[in-house]
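As structure tokens, the structure follows; a few thoughts come after it.
There are 2 protein chains.
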Amino acid sequence: MQVLCMALAHTILMLLAEQAHSGYDLSKEFNECVGHYWQATPQQIYRELAKLEKRDWIEAETITQESRPNKKLYSITATGKLKLVEWLVQPADPMSVREDLMVKVRGSHLVNPEVMLQELERRRQIHADKLAKLREFEHEHFSEPDRLSDSEFVQYLTLRCGIRYESGWAEWCTEAIERLQQRVQQKRDAESDRVLQPTPG
Amino acid sequence: MQVLCMALAHTILMLLAEQAHSGYDLSKEFNECVGHYWQATPQQIYRELAKLEKRDWIEAETITQESRPNKKLYSITATGKLKLVEWLVQPADPMSVREDLMVKVRGSHLVNPEVMLQELERRRQIHADKLAKLREFEHEHFSEPDRLSDSEFVQYLTLRCGIRYESGWAEWCTEAIERLQQRVQQKRDAESDRVLQPTPG
DNA sequence: ATTGAATAGTAAACTTGTTGACTATGTGCA
DNA sequence: TGCACATAGTCAACAAGTTTACTATTCAAT
């Protein structure tokens, strides 16, 4: 039996539990709403949908459309709901961090500090931009947290996580830039001291 | 030609650029020092070492030991150093977040809120523990940031990143727990209002 | 005396994610 | 008329990480 990608499969199940979607719809949902904490390409989604259908956790209805290509509308089955809830109540261990930038920072003593300063600034900007978008989304959709539906409320929690994540990265970049600049300056000072007051010998 | 796992290969190269290591040594380094930002199992490391050796980016010397099994001591070659630096100066895009816990939070409106509260508390504790360890490490090894060597300094930057990461997660857990508890309480209040003052009809 | 832990390394299968190419249809724009 | 773009989906290959299970040796503790 083919094996499911647990988190991906269950994200799809959860979205289908709220509303029937086509693969194409799901793909857009991932881009717009789920992407703060889980990414998937259309290809991954279609592949996972095929597996889920084979297990009868979801079922498809082919919708004939005139103005567009036909589509398959998927909805969750009773079995699917059961499996989803079973999975939801299991504990989840932290995922491991894998960050190219850190690997490069860790090796940056082998290259010109200016290169790393530029890269850190570029990354700071990326995270600041992402953060601004998330905050805008928060402002637009969740300005009154007490009035949210259950589903909206949990979406808000994940958005808050995304906001903390991006702001954490932006802040670290700022800290790293400052520390690195300070260090470069100290080295320059030491160098000019050395030139002005050469050690006797 | 076999393909390298870029970040993993270059982390290994970077460690070998500082000092010769056996696969086993590298594996311990990953557990102790690199794990804040990149994880690798011994198996991944041995596999990558074999690929790197085939390309002549690293070279191995077999060390005959009497009190222990023999080992292969790897060191970086001139080509390896070149390739490492070439890679270090390339920009790195943010890695995507993939977090099972978020997927479960996003679906938690389908289960009893108490289950999610417990899970969030468990996770908060995990991140708080990890944070305490990292802070202890910071205190032990980096209490005087101005006196660090270049290599130690960049290590310190990655440690600061790990600290921010873990504290960010712990704080988000706390926030989520508070918001969720507040919501549960509001629902209880609304429920008791409904019972005490039933709507006429 | 033997068991378990640490040291040192290898092999194979499997899971999961990425990439590029491919087939279609319909709409709007230039 | 043709081009780009959005919609809707499929196939195949590849990259990278995980898991399990091996083979060995040495040392310390029970």
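Which chain is which? The protein sequence lines are H and Z, in order. Following this note's numbering, the numbering of the first sequence begins with 145 at its first residue and continues without gaps. Following this note's numbering, the numbering of the second sequence begins with 145 at its first residue and continues without gaps. Heads up, the beta-carbon is just placed ideally off N, CA and C, and yes, glycines get one too.
Item                                                                                                                                                                                    : Value
H283/Z touches chain H at which residues, Cβ-Cβ below 9 Å?                                                                                                                              : Chain H residues near H283/Z: none, gap ~17 Å exceeds 9 Å.
In chain order, what residues of the region 194 to 205 of chain Z put their CB closer than 8 Å to some CB of chain H?                                                                   : none
Could you tell me which chain Z residues have their CB closer than 8 Å to the CB of R191/H, listed as they occur along the chain?                                                       : Correct list: empty, because the minimum Cβ distance to chain Z is about 17 Å.
To which residues of the same chain is V178/H closer than 7 Å at the C-beta, ignoring the five residues directly before and after it?                                                   : T155
If we define contact as Cβ-Cβ less than 8 Å, is T185/Z a contact residue for chain H?                                                                                                   : no
Cβ of Y300/Z within 8 Å of Cβ of F281/Z?                                                                                                                                                : no
So with Cβ pairs under 8 Å, would you call A272/H a contact of chain Z?                                                                                                                 : no
Beta-carbon of V229/Z versus every beta-carbon of chain H: anything under 8 Å?                                                                                                          : yes
What residues in the region 232 to 244 of chain H have a beta carbon less than 9 Å from any beta carbon of chain Z?                                                                     : L232, V233, Q234, P235, A236, D237, P238, M239, S240, V241, R242, E243, D244
Pull the bridge partners of A204/Z from the DSSP assignment, please.                                                                                                                    : Y218/Z
For H165/H, which residues does DSSP report across the bridge?                                                                                                                          : Y218/H
Using the C-alpha atoms, what's the distance from K274/Z back to E319/H?                                                                                                                : 21 Å
Enumerate in chain order the residues of its own chain whose CB-to-CB distance from L159/H is below 8 Å, with the five nearest sequence positions on each side excluded.                : H165, L170, E173, V178
Listing by chain order, which chain H residues have their CB less than 9 Å from the CB of R291/Z?                                                                                       : Those within 9 Å of R291/Z in chain H number zero; the least Cβ separation is about 11 Å.
Report yes or no: is there a C-beta of chain H within less than 8 Å of the C-beta of D169/Z?                                                                                            : no
In the DSSP assignment, find the alpha helix (DSSP H) that holds A236/Z and state where it starts and stops.                                                                            : Per DSSP, A236/Z belongs to no alpha helix (DSSP H) and is neither H nor E.
Please work out which residues of its chain come closer than 7 Å, Cβ to Cβ, to T223/H, disregarding the five sequence neighbours upstream and downstream, and give them in chain order. : D200, W201
Here's a check: name, in chain order, each residue in its chain whose Cβ is nearer than 8 Å to the Cβ of A314/H, leaving out the five neighbours to either side.                        : R268, H271, A272, L275
Let me make sure I understand the geometry here. Which of Q326/H, V247/H, H253/H, I307/H has the alpha-carbon closest to that of W99/Z?                                                 : Because chain Z in this structure spans residues 145 to 345, residue 99/Z falls outside the shown range and cannot be described.
Does C149/H come out as helix, strand or coil in the three-state DSSP assignment?                                                                                                       : coil
Roughly how many whole angstroms lie between the Cα atoms of P387/Z and V247/Z?                                                                                                         : The structure shown has nothing for residue 387/Z, since chain Z only spans 145 to 345.
Which residue from H283/H, C149/H, S295/H puts its Cα closest to that of A161/H?                                                                                                        : S295/H
Would you say A151/Z and R327/H are within 8 Å of each other, going by their C-beta atoms?                                                                                              : no
From the DSSP output, in three-state form, read off Q183/H for me.                                                                                                                      : coil
Using a Cβ-Cβ cut-off of less than 7 Å, give me the residues of the region 150 to 175 of chain H that come near chain Z, in sequence order.                                             : A151, H154, T155, M158, A161
Could you tell me whether the Cβ atoms of K195/Z and L232/Z are closer together than 8 Å?                                                                                               : no
Using only the alpha-carbon positions, how far apart do Y218/H and L292/Z sit?                                                                                                          : 58 Å
R250/Z: buried (16+ other C-beta within 10 angstroms of its C-beta) or exposed?                                                                                                         : buried
Closer than 7 Å, Cβ to any Cβ of chain H: which residues of the region 292 to 304 of chain Z, in chain order?                                                                           : D294, S295, F297, V298, Q299, L301, T302, R304
Give the C-beta separation of L157/H and I220/H to the nearest angstrom, bearing in mind that I take them to be a contact with Cβ-Cβ under 8 Å.                                         : 6 Å
Determine the direct distance from the alpha carbon of E205/H to that of T213/H, and round the result to whole angstroms.                                                               : Checking the displayed sequence, the identity of residue 213/H turns out to be Pro instead of Thr. For P213/H and E205/H, the distance between alpha carbons rounds to 14 Å.
Could you tell me whether any Cβ in chain Z is nearer than 8 Å to the Cβ of R266/H?                                                                                                     : yes
In three-state DSSP terms, what is P289/Z?                                                                                                                                              : helix
Tell whether a beta-carbon distance below 8 Å holds between E310/Z and L278/Z.                                                                                                          : yes
Taking only three categories from DSSP, how would you classify Q341/H?                                                                                                                  : coil
Consider the Cβ of G312/H: report whether some Cβ of chain Z lies at a distance smaller than 8 Å.                                                                                       : yes
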